[in-house]
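In the numbering used here, the protein residues as written are 439 to 604.
Glycine included, C-beta positions come from ideal geometry on N, C-alpha and C.
A quick note: this is a predicted structure, and the numbers were derived from the prediction, not measured.
To keep things clear, I will list the structure first and then write my remarks on it.
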């Protein structure tokens, strides 16, 4: 028994675990943070794409959008804007849910239904990002749900031409 107590042959394994584990967890957290920031950039791109689609779709001919009036964010017009905003997010497999709204002010939670000529159109895209990297998902994201809500907003003026559609 005394001989085993003084044996130093396995000490390197203990030292390896002491040094390796924190570095491994740090690396995993870096990978998870890279995924979160990539999804945040894609969310910002989705908001910009959505607002660019909105300034084209909203003043367009009502006959192309099931006769929804010009400037109304409803029906086929809304569907086309949401589709345009959602398309850039299809590259990120960890996104669990997408919500597109049209707030009246920066950071607002309301969802406007109509936009007039020369008004500022805002598109807010909120996504639920599902963290998937083992161990790191508990440190980087919500520890209980392993998800993180990402939000981005973009705005452009509604400068559509005043055409008389028959």
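Please say whether residue j and residue i have beta carbons closer to each other than 8 Å?
| i | j | result |
| --- | --- | --- |
| residue 487 | residue 544 | no |
| residue 564 | residue 589 | yes |
| residue 477 | residue 530 | yes |
| residue 573 | residue 461 | no |
| residue 511 | residue 594 | no |
| residue 596 | residue 500 | no |
| residue 502 | residue 571 | no |
| residue 514 | residue 524 | no |
| residue 599 | residue 566 | no |
| residue 474 | residue 586 | yes |
Would you decide whether residue i is buried or exposed? Buried here means 16 or more other CB atoms lie within 10 Å of its CB.
| i | result |
| --- | --- |
| residue 547 | exposed |
| residue 554 | exposed |
| residue 539 | buried |
| residue 591 | buried |
| residue 480 | buried |
| residue 562 | buried |
| residue 519 | buried |
| residue 485 | buried |
Three-state secondary structure (DSSP) at residue i?
| i | result |
| --- | --- |
| residue 453 | helix |
| residue 441 | helix |
Would you say residue i touches the ligand SAH, meaning its beta carbon is less than 7 Å from a heavy atom?
| i | result |
| --- | --- |
| residue 575 | With respect to the ligand SAH, the structure offers nothing, as it holds no ligand at all. |
Using only CA atoms, which one of the options lies nearest to residue i?
| i | options | result |
| --- | --- | --- |
| residue 636 | 552, 517 and 556 | Not covered by the structure: residue 636. The range shown for the chain is 439 to 604. |
| residue 569 | 454, 507, 532 and 463 | 532 |
| residue 601 | 581, 507 and 491 | 507 |
| residue 483 | 558, 527, 560 and 549 | 527 |
| residue 560 | 581, 577 and 490 | 490 |
Give, in chain order, every unbroken run of the beta strand (DSSP E) that is at least 3 residues long and sits entirely within the stretch 469–553.
533–539
What are the start and end residues of each continuous alpha helix (DSSP H) run of 4 or more residues lying completely inside the stretch 559–597, in chain order?
574–578
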